[in-house]
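Numbering (the numbering used here), first residue to last: 3 to 180. Think of the CB as a built atom: it goes at the ideal place given N, C-alpha and C, for glycine as much as any other residue. Below: the structure, in structure tokens.
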Amino acid sequence: MAYRTLEIAQLSAHKLKDVRLFGRMKVYVVVSLSDDPQPKKRTPTDRVGRENPSWNSMTFQFNVPDDNPGRLTLRFLLRTERSLGDRDVGEVNVPVKDLLRTGNGQMQSVSFQVYVPSYGENQGVLKFSYKLGKRIAPPPTIPTTVVQETMVRTIAGYPYPTPANGYGYEAAPPPRKK
């Protein structure tokens, strides 16, 4: 199946709502592509950006199948680290078909609203750049045939050797008479 490579770079967020009651936000992003067997990809934690984190050093690549890309969604889950378990800041779901429409092989920048699905409130803005690679066809499959060799000689086993003196079981005692 043919596919295209989707490259995501220059990832940053702006004006995120602070979801922590105490301490500073330390935000990271988990990026995944729906129906992708590859594991989710994660940015390092931005410990200094607080409400305006950036992960410009990170680049993600996903293989987008060419047969039906309209069903795929690119998901960005923004989370903050906490000592009692990480907490969701918000998420962005981007239909891949929207990126395919505007993708021309050059890096393009886009921005999307970050929201919390449970109550739909705007949590800030996520910006990233993306580039779609050219279509890559899989290598052709070469039909293979399996030939099983026939046995030329017969295989015979050897009998077990007799046990050496002092080893093995002793002779059974004679039966008792009543």
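Buried or exposed: which applies to Ile144, given that a residue is buried once 16 or more other Cβ atoms fall within 10 Å of its Cβ?
exposed
Status (buried if at least 16 other CB within 10 Å, exposed otherwise) for Thr104:
exposed
Member of Val116, Gly122, Leu86 and Val118 whose CA lies at the smallest distance from the CA of Phe24
Leu86
Do the CB positions of Ile10 and Val33 come within less than 9 angstroms of each other?
yes
Could you tell me the boundaries of the alpha helix (DSSP H) in which Val31 lies?
Counting along the chain, Val31 falls outside any alpha helix (DSSP H), though it belongs to the beta strand (DSSP E) covering Val29 to Leu35.
How many Å lie between Trp108 and Thr47 at the Cα?
Per the sequence shown, residue 108 should be read as Gln rather than Trp. Their Cα atoms are separated by approximately 28 angstroms.
As assigned by DSSP and simplified to three states, the class of Thr61
strand
Following the continuous alpha helix (DSSP H) through Val98, name the residue where it begins and the one where it ends.
Val98 to Thr104
Is it a yes or a no for the region 58 to 77 touching the region 114 to 127, going by three-plus beta-carbon pairs under 8 angstroms?
no
Between the region 127 to 137 and the region 4 to 21, do at least 3 Cβ pairs fall closer than 8 angstroms?
yes
Cβ-based burial, Gly122 [other Cβ within 10 Å; buried from 16]:
exposed
Delimiting residues of the beta strand (DSSP E) encompassing Ala173
Where Ala173 is concerned, there is no enclosing beta strand (DSSP E), given that its DSSP letter is neither H nor E.
Nearest-angstrom Cα distance between Lys99 and Asp69?
12 angstroms
If Asp90 and Leu79 are in contact, beta carbons under 8 angstroms, what's the gap, nearest whole angstrom?
7 angstroms
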